[in-house]
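Asker:
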Amino acid sequence: MFFLLVFQLEQSYLRAQWIVESSHTLPATVSSAVAISFSPCGTYIQSFQKASGDQKNFTIWNINTGVAVLLQSKKAFSKSSWPLIQFSQDETVACQLVTNEVHLFDAKDFSKGIVDRLRFPGIDGLQLSRAPPSHLATYVRENKGAPASVCIFSRLHLASSQPVARRSFFKASTANMMWNQGSTALLVVAHSDVDKTNKSYYGESRVHFLTTDGSHEGSVPLSKEGPVHDAQWSPTGKDFVVVYGFMPAKVTLFDTHCNPLFEFGTGSYNTVRWNPHGRFVCLAGFGNLPGDMAFWDRNTLKLLGTTKASCSVSSEWSSDGRYLMTATTMPRMQVDNGFKVFKYNGSLYFEKKIDKLYEVLWRPAVLGTYPDRPPSPSTVNGSEQGSQKGTMSAKATVKPAAYRPPHSSHTAAVRAQLFGEDPESSGELSKSALKNKKRRGKQKEKKEVPDSESVDMNAAVSELNEKLESVSVSPNSETRN
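Take any residue in the sequence shown, count from 1 to its spot, add 56: that is its number in my numbering.
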């Protein structure tokens, strides 16, 4: 069983509603909440609220016990650095970025406090490898002509402060770092606010690739000019997808050696979402794009279906990998708030409208809880097949119906009145239409039934002709007389 957690403000309380199971309220009042996040296994939930006096506004709750296991005071919040505490996939290690340092915690027992730390001046970004939690990746932005850099550290040898891999590059104001499953490779999407070639108003971006053993370091080769919209590892850790280029964007699947494996084509896409097993992948165009979504099977590299979710702000796969949730939330969208749940083939499964919706999350599950299942086989008369027909391909469009003007319901009566036609589905005819109908009926009867006088005359003529034919006249009768 999997659940959705919907957050909406009700009388200064952050209300958590478990869809399907029941409704609950968080263990304490969390007024003015700005963000909330689950740990990978769903054991903890962390929340951040606006600072108010000396009150500690960052909290980590144990969901099972309802106890706050960590309380801190934070002055600032940015969505790019959320969540503030990063967990490993098995929830054995947690880490936090502070000024010029990285703090590590025992995620099984936060009461121990900081168990290890990494001192690194100028650090601006942090990413903990999740499975296994063996490495840390740090980012330092450009400063006074020095290039930006990404370093990889071994978690077991933080005291030495010596990176096991490093890459430096220019044209980077921010960087998004992503580990693969297995913690052997790191993707870095570096973005610059200014494009010196003036080809893009939104700046310039590139994708860099590093391995923990130092065997590979470089840029991912992209075959189309333009920004990098998104890049995501497959949960298998064996390949990744990049969406890049000016619209319509191009989508390519790469292996761990940065070699292209498959081209998904082009479209209005800027988002990649893998399901937890790496079997299904959704390519979508959210934000300023119209919301087109295409669902693919990674194993067969076949398109399963297409659909649209307009005005979507966030999207996430369920823990069992069979459903994708999209949400329209505040403050980005002030109207039409709500969320939708789609099946892996793009068919709509559930929809709910909410006046003021701030965030929707699936409750995570331990890896292996739900098995990896292939697409359900199509049945001849199955309901699932019927629901897929409308979304199996963008080419399968519905034939538009013929235009009918607003007064079309009265067309039969009007034609009967003007032209004396007999309407097929007429209700009540007007007086003139009935008069014309009777007149046509009389004329038809006259044509079918002949006049009695003409019948008698024709009978007399035919009788006379018969008599004349019966009289035989001899040619020599006049000479004899």
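Ideal Cβ positions, reconstructed from N, Cα and C, are used throughout, including at glycine.
Keep in mind the model is a prediction, meaning the values are calculated, not measured.
#1: With contact counted as at least three CB pairs below 8 Å, one residue from each stretch, are the segment 167-181 and the segment 202-216 in contact?
#2: Have a look at tyrosine 300 and alanine 150 and give me their C-alpha separation to the nearest angstrom.
#3: For asparagine 199, does the three-state DSSP call read helix, strand or coil?
#4: Going by C-alpha distance, which of Tyr405, Val245, Ala383 and Lys112 is nearest lysine 412?
#5: Use the C-beta contact count for proline 96: other C-beta atoms within 10 angstroms, 16 or more gives buried, fewer gives exposed.
#6: Helix, strand or coil for asparagine 492? Go by DSSP, reduced to three states.
#7: Can you give me the C-alpha to C-alpha distance between serine 518 and lysine 487, rounded to a whole angstrom?
#8: Can you grab the Cα-Cα spacing for the pair lysine 252 / tyrosine 100, in whole Å?
#9: Going by beta carbon distance, what residues of the same chain come within less than 7 Å of lysine 164, once the five residues before and after it are set aside?
#10: In whole angstroms, give me the CA-to-CA distance for phenylalanine 161 and isoleucine 170.
#11: Can you give me the start and stop residues for the beta strand (DSSP E) that aspartate 348 sits inside?
#12: Per DSSP, which residues does proline 316 bridge with? Please list them.
#13: Is glycine 274 helix, strand or coil when you go by DSSP?
#14: What do you get for glutamine 237, buried or exposed, if any count of 16 or more other CB atoms within 10 angstroms of its CB means buried?
#15: Considering only the beta carbon of each residue, do serine 375 and alanine 421 sit closer than 7 Å?
#16: With a threshold of 8 Å, are at least 3 pairs of Cβ atoms found where one atom belongs to the segment 247-261 and the other to the segment 287-297?
#17: Note the first and the last residue of the continuous beta strand (DSSP E) segment covering histidine 247.
#18: Could you have a look at arginine 211 and say whether DSSP puts it in helix, strand or coil?
#19: In angstroms with no decimal places, state the Cα-to-Cα distance between proline 346 and serine 279.
Answerer: Per the coordinate set shown:
#1: Yes, since at least three Cβ pairs between the segment 167-181 and the segment 202-216 fall closer than 8 Å, the two stretches touch.
#2: Rounded to whole angstroms, tyrosine 300 to alanine 150 spans 32 Å at the Cα level.
#3: Asparagine 199 falls in the strand class under three-state DSSP.
#4: Taking only the C-alpha atoms, the option nearest lysine 412 is Ala383.
#5: Per the 10 Å Cβ criterion, buried.
#6: Helix at asparagine 492.
#7: The straight-line gap from Cα to Cα measures roughly 47 Å.
#8: Their backbone Cα atoms lie some 44 Å apart in a straight line.
#9: Leaving aside the five residues that flank lysine 164 on each side, the residues in its chain whose CB is nearer than 7 Å to its CB run, in chain order, Thr148.
#10: For phenylalanine 161 and isoleucine 170, the distance between alpha carbons rounds to 5 Å.
#11: First-last of the beta strand (DSSP E) with aspartate 348: 348-353.
#12: Note: proline 316 sits in a beta bridge opposite Phe310.
#13: Here glycine 274 sits in strand by DSSP.
#14: Residue environment analysis places glutamine 237 among the buried positions, since at least 16 neighbouring C-beta atoms fall within 10 angstroms of its C-beta.
#15: Taking 7 Å as the cut-off, the Cβ atoms of serine 375 and alanine 421 count as close.
#16: Contact between the segment 247-261 and the segment 287-297 is absent: fewer than three C-beta pairs spanning the two stretches fall below 8 Å.
#17: Element bounds for histidine 247: 241-248.
#18: Note: arginine 211 maps to helix in three-state DSSP.
#19: If you take the alpha carbons of proline 346 and serine 279, they lie about 25 Å apart.
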